[in-house]
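Below is one structure, written out as structure tokens; comments come after it.
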Amino acid sequence: MIKLPLLSRKRRALARVYLIDDGVRVAQTGADRIAATGRRVKAAAGARRRILMCGVVFGAVFALMGGRLFAVALATESPGAARIATSAGDGDRREIVDRNGVLLAANLPLRALEIAGNEVWDAGETAAKIGAIVPAIDAEDIRKKLEDKRYVEIRERLTPAQEQAIFALGLPGVRFSARVERFYPQGRTGAHVVGHMEPGKGGVMGLERYLNGAGGAGPLAASIDIRAQEIVEQELGAALEKFHAKAAMGAVMDVATGEVIALASLPDFDPNRPGAAKPDHRRNRAVYDLYELGSALKLLTAAAALEAGTARESSTYDARGSLKIADRVLRDFHGENRILTFSEVIQHSSNIGAARMAKELGVEKLKAAFKAAGMLDTLPIELAERRAPSPPWQWGPVETATVSYGHGISITPLHLLAAATSIVNGGDYRAPTFLKHDTPSAGDRIFSAETSATMRRVMREVVTGGTASLAETPGYFSIGKTATAEKPARGGYDPNARIASFVGAFPGYAPRYAVLVTLDEPQAVEGTFGYATAGWNAAPTYAAIVGRIAPVLGVMPAGPEIAALRFGAPPGERRADLSSADAGGGM
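980 is the number of the first residue of the sequence shown in this note's numbering; add one for each residue after it.
What follows is the structure, given as structure tokens:
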């Protein structure tokens, strides 16, 4: 850099009158200075005009490009837009909670990764780079789709770190969009009751399907208690494994409201991944499958006979040998081969005794009793997968005899539980419900309080001295009935394929909850002495369930003096006595 010498004021004034032209100093007059200034002004104005024109041209180009990109975006994102719209609609879907407010189903906001194949520059590079960040995807499959210019949506749940890494790649055609996914925080627990959703279909089973047409706002309160639900599933799972059964079903019902506190069907599935389960596992056997459930239906026959006055506790029935009705010969399984009392017919599960009881009752009265107890109709429950029973297509003397002990009529397990509930709760039939109710429903009176009290005493004797000793639950004085039925086969019944059930209630002296356990084809195992009947498998499973759920549901064990006082008492008196006992700390 050359430093110029300092000039005096006079010399600076003289310097201003010179221009440097081609390296030669030229003296500049006043006119020259004016002309030079004009030239500089014109040059600046021209430059501004050129800049303005460039701005206009570039603006038009960018506007054209922007419009084209917008059109391309609309064309390439339309499949994704449809998916997002569907998901966004689901974002307003009501949550499902259990009776205590525990979350069962909720909307989970997520971001979906989308790739527009017709915008991708290099399909192989795009698939490989995304596959390196998300190992769970099939990069080769994505590459093929992108080469075909197809739209790809990656539905794997991405972590924030994965999203950031993909975003940083800056790959053409790769974008994220908001979506909502239905999430089931309890997983498999209660899956058949809660149900699940499918894209574009909404809820496809359980309470999720019920929500499709249900209005209202706020969470949908289910009747189930997730604590009891988990216990039932655990104990059924243990029985399924121990007795090598094909399937296991169980349910718990509030006898005063008809609310289903728990209902399970095993094998089950994870509603977060329903497609990974076999269709057979997604089927709710407890409300859909039909079974000839056998001897538990003797409870309904006996209650109907008491109610009609054709039987009393003192009645007796000849169970010696066999009984022939028309062309059918009936026998007892390990029968007593003697005259049995009314109670002993139930206690020892006599087919002959039940058939004689039904014969005295008559065809029409037995049918009416089964109708009143919901055994001939589809249950009006909130689950769409419900199924109608299959009664005899004609109902004559033979059918009356076989139906009396649970053969020749196919029902769902929940049908049996609802009917048994009406027998033990004072005589009121209440259809099961999977929605929470704050107040007891009135129900339909189908049996008198006296009939109900008698049946509770009889059912207690089944546990204390009959086929269900393994159903005993200390402090809860359970009542109930075993049922073992051979499964229908071509030309008759298969003696090696059985349905084993136990239906009961606790506490027996003042029932609050009814419980059903059903095992499909259980096997004899060590400790059952070669038997695969309900007394050896379903009954102990019932006891295991009751022993765990009773404290959870607030039912405390009682002493024998309280049970003895209240067995057989009328419902109103029984509740009053229990209230005073509770106040005095007797339970």
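Cβ atoms here follow ideal geometry from the backbone N, Cα and C, with glycine treated the same way.
- The residues Val1308, Leu1309, Arg1310 and Ile1331, in chain order, have a CB closer than 8 Å to that of serine 1301 in the same chain once the five nearest residues on each side in sequence are set aside.
- As computed with DSSP, proline 1088 is found in a beta bridge with Val1159.
- The shortest C-alpha to C-alpha distance from glutamate 1378 to any of Gly1405, Ala1398, Gly1149 and Val1342 is the one to Val1342.
- Proline 1467 has Tyr1472 as its beta-bridge partners, per DSSP.
- Proximity to threonine 1433 across Ala1511, Ser1294 and Thr1463 peaks at Ser1294, based on C-alpha coordinates.
- Taking a contact as a CB-CB distance under 8 Å, the pair threonine 1461 and glycine 1514 counts as one, their CB atoms being some 5 Å apart.
- For a cut-off of 8 Å, the C-beta gap from asparagine 1516 to alanine 1479 is around 5 Å, short enough to register as a contact.
- Around the beta carbon of histidine 1313, fewer than 16 other beta carbons sit within 10 angstroms, so the residue counts as exposed.
- Its Cα nearest to that of arginine 1365, the residue Tyr1189 stands out among Pro1164, Tyr1189 and Thr1138.
- Setting aside the 5 residues that flank it on each side, arginine 1409 is surrounded in the same chain by Gly1237, Ser1420 and Gly1422, each with a C-beta closer than 6 Å to its C-beta; the list follows chain order.
- For the pair glycine 1185 and histidine 1175, the CB atoms are nearer than the 9 Å cut-off.
- Less than 9 Å divides the Cβ of leucine 1498 from the Cβ of leucine 1219.
- Per DSSP, valine 1494 is one residue of the beta strand (DSSP E) stretching across 1492-1499.
- Aspartate 1423 sits in a strand when the DSSP states are folded into three classes.
- The beta carbon of isoleucine 1318 is closer than 8 Å to those of Thr1295, Tyr1296, Asp1297, Ala1298 and Arg1299 in its chain, skipping five residues each way along the sequence.
- Contact between the region 1241-1260 and the region 1210-1228 is present: three or more C-beta pairs spanning the two stretches fall below 8 Å.
- Within the region 1269-1293, the complete alpha helix (DSSP H) segments of 4 residues or longer fall at 1277-1287, listed in chain order.
- For aspartate 1417, there is no enclosing beta strand (DSSP E), as DSSP gives it neither H nor E.
- Put simply, of Pro1536, Thr1400 and Val1131 the residue whose alpha carbon is nearest the alpha carbon of glycine 1152 is Val1131.
- Taking the C-beta atoms as reference points, tyrosine 1455 is found no nearer than 9 Å to alanine 1367.
- In this structure, Thr1391 is the residue among Ala1334, Thr1391 and Ser1328 with its C-alpha nearest to the C-alpha of glycine 1353.
- Taking 3 residues as the minimum length, the beta strand (DSSP E) runs contained wholly in the region 1127-1157 are 1130-1133, in order along the chain.
- Note on geometry: alpha-carbon atoms of alanine 1255 and arginine 1261 lie some 10 Å from one another.
- In the structure shown, isoleucine 1388 falls within a coil segment according to DSSP collapsed to helix, strand and coil.
- Between isoleucine 1109 and isoleucine 1145, the C-beta spacing is below 9 Å.
- For lysine 1460, the beta-bridge partners assigned by DSSP are Val1482.
- Relative to arginine 1252, the option among Arg1469, Glu1160, Glu1098 and Ala1235 whose CA is nearest is Glu1160.
- Within the region 1181-1213, not a single complete beta strand (DSSP E) segment reaches 3 residues in length.
- Under the DSSP assignment, arginine 1436 falls outside any beta strand (DSSP E), being part of the alpha helix (DSSP H) whose first and last residues are 1428-1444.
- Under DSSP, valine 1076 takes part in a beta bridge, and its partners are Leu1082 and Ala1200.
- Residues of the same chain with a CB within less than 8 Å of the CB of aspartate 1204, apart from the 5 flanking positions on each side, are Asp1077, Arg1078, Asn1079, Ile1240, Ala1241, Val1531 and Leu1532 in chain order.
- Taking 9 Å as the cut-off, the beta carbon of tyrosine 1492 is found closer than this to the beta carbon of methionine 1232.
- Cβ-Cβ distances below 6 Å link glycine 1487 to Arg1439, Phe1456, Ser1457 and Ile1458 in the same chain, with the five nearest sequence neighbours on each side left out; the list follows chain order.
- In the displayed model, glycine 1216 falls within a helix according to three-state DSSP.
- Per DSSP, reduced to three states, the secondary structure at glutamate 1540 is helical.
- Contact check for isoleucine 1304 and proline 1359: beta-carbon distance about 34 Å, past the 8 Å limit, so the pair fails to qualify.
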